[in-house]
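To keep things clear, I will list the structure first and then write my remarks on it.
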Amino acid sequence: MGGKAYDTVIVGGSAAGLTAALYASRQGLKTLVITKDIGGQLALAPQIENYPGIKAVAGLELAQSIKEQAEGFGAEFVYDEAVGLSQAGDAFAVSTKVSGEYEALTVILAFGKTPKSLEVPGEDRLVGRGVSYCAICDAPLFRQKRVAVVGWGDHAFKAVKLLRSYGNKVYMVHRGEAKLTDEEILRESGGMNVVYVPNSTVLEIKGDTRVRSIVLKNAKTGEESELEVDGVFVEMGYTAKTGWVRDFVQLNENGEIVTDKLGRTSRPGVFAAGDVTDMVYKQTVIAAAQGAIAALSAYNYIQQLKGLPARRSDWGKLLGK
Numbered sequence: 000m001g002g003k004a005y006d007t008v009i010v011g012g013s014a015a016g017l018t019a020a021l022y023a024s025r026q027g028l029k030t031l032v033i034t035k036d037i038g039g040q041l042a043l044a045p046q047i048e049n050y051p052g053i054k055a056v057a058g059l060e061l062a063q064s065i066k067e068q069a070e071g072f073g074a075e076f077v078y079d080e081a082v083g084l085s086q087a088g089d090a091f092a093v094s095t096k097v098s099g100e101y102e103a104l105t106v107i108l109a110f111g112k113t114p115k116s117l118e119v120p121g122e123d124r125l126v127g128r129g130v131s132y133c134a135i136c137d138a139p140l141f142r143q144k145r146v147a148v149v150g151w152g153d154h155a156f157k158a159v160k161l162l163r164s165y166g167n168k169v170y171m172v173h174r175g176e177a178k179l180t181d182e183e184i185l186r187e188s189g190g191m192n193v194v195y196v197p198n199s200t201v202l203e204i205k206g207d208t209r210v211r212s213i214v215l216k217n218a219k220t221g222e223e224s225e226l227e228v229d230g231v232f233v234e235m236g237y238t239a240k241t242g243w244v245r246d247f248v249q250l251n252e253n254g255e256i257v258t259d260k261l262g263r264t265s266r267p268g269v270f271a272a273g274d275v276t277d278m279v280y281k282q283t284v285i286a287a288a289q290g291a292i293a294a295l296s297a298y299n300y301i302q303q304l305k306g307l308p309a310r311r312s313d314w315g316k317l318l319g320k
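Position 38, counted from 1, in the sequence shown is what numbering that gives the first Met the number 0 calls 37; the numbers after and before it change by one each time, with no gaps.
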């Protein structure tokens, strides 16, 4: 190990990660956040109406506000992707794709969940060139076009409605049977100009510099067909991409990191918070609370390493206890 040393390295700039950075830095810990972006799923929310003390706020605005608070207490940010985690004695090392390795006495894993991908040829190459995982973000780029929404459920129907509102013809591709009648599908999707394509899976996304079509396979007949579209919106939910820590901390059957009520993982010194954990309720305020808990637990872990007493709250710090 030879990277820059910190008291805690937080992986992820989600509500949990940002709040962890705020609490850790406020406790005087040398804090680094490694993240690809600010806010994670929170940044995609156009409006949050259930965050205590705030009537309504855009997700990105809330995320930026927490980030600024954390920076005010000295937290540092590196925009990169963590790809490895190792330990030597009491020190951990987090390795990244671009900027190298960072050492820390504690690590807080708070990188949330990421959209599920189709994992088909052409998908990765055409991301940002017609392939999107966020209708809220990218729908305004498509007007009077032909687009496919791949998925089912609330997220998919919301994407269909939004894309339709921009005058697009929308193909709703679903690998299963419809659980709704044609009339119900029409109502849920917002009206006309929506074509439902059931029992179909995407085999390939075609296009040179932009999406031009998708190759579909009918699950019942085995027949393959090609559908000309200008965009593909993947709306299949989210997954915890925890494969890179699978051998380091305990995961549950869903790939989520198992934690106790103090945010501790199966490995001492490594904590986790937010949607990447096995917490049942995935809410912004809960993720933020988990981030605060993980940061305070990391602080107390370091105190114990130094042979110093743990603190139960910020009040103890203010009172000198």
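Note that CB positions come from ideal geometry on N, CA and C, so glycine has one too. Because the structure is a prediction, the values reported are computed rather than measured.
Query                                                                                                : Result
Integer Cβ distance of residue 149 from residue 234, believed to fall under 8 Å                      : 7 Å
Whole-angstrom distance between residue 61 and residue 20, CA atom to CA atom                        : 15 Å
Opposing strand residues paired with residue 216 [DSSP bridges]                                      : 200 and 223
Backbone secondary structure at residue 310 - three-state DSSP                                       : coil
Where residue 4 falls: helix, strand or coil (DSSP)                                                  : strand
Rounded Cβ spacing between residue 272 and residue 47 (contact assumed at less than 8 Å)             : The Cβ separation is near 18 Å, so there is no contact.
For residue 208, the nearest candidate out of 90, 125 and 259 (CA to CA)                             : 125
Given residue 223 as reference, the closest of 200, 245, 243 and 229 once Cα atoms are compared      : 200
Opening and closing residue of the alpha helix (DSSP H) in which residue 170 lies                    : Unbroken run through residue 170 is the beta strand (DSSP E), 168-172; no alpha helix (DSSP H).
Beta-carbon spacing of residue 250, residue 296 below 8 Å                                            : no
Span of the beta strand (DSSP E) around residue 232                                                  : 230-234
Cβ-based neighbour list, residue 138, same chain, cut-off 7 Å, excluding 5 preceding and 5 following : 161, 162 and 165
Inter-residue spacing [alpha-carbon to alpha-carbon] between residue 278 and residue 294             : 17 Å
Three-state secondary structure (DSSP) of residue 25                                                 : helix
From 59, 35 and 206, residue whose alpha carbon lies closest to that of residue 43                   : 59
Contact check, residue 111 vs residue 275, beta carbons under 8 Å                                    : yes
Inside the region 75-139 only - beta strand (DSSP E) runs reaching at least 3 residues               : 75-78, 81-87, 90-95 and 100-108
Assigned secondary structure, residue 276 (DSSP; H/G/I helix, E/B strand, else coil)                 : strand
Counterpart residues of residue 270 in DSSP-defined beta bridges                                     : 107 and 263
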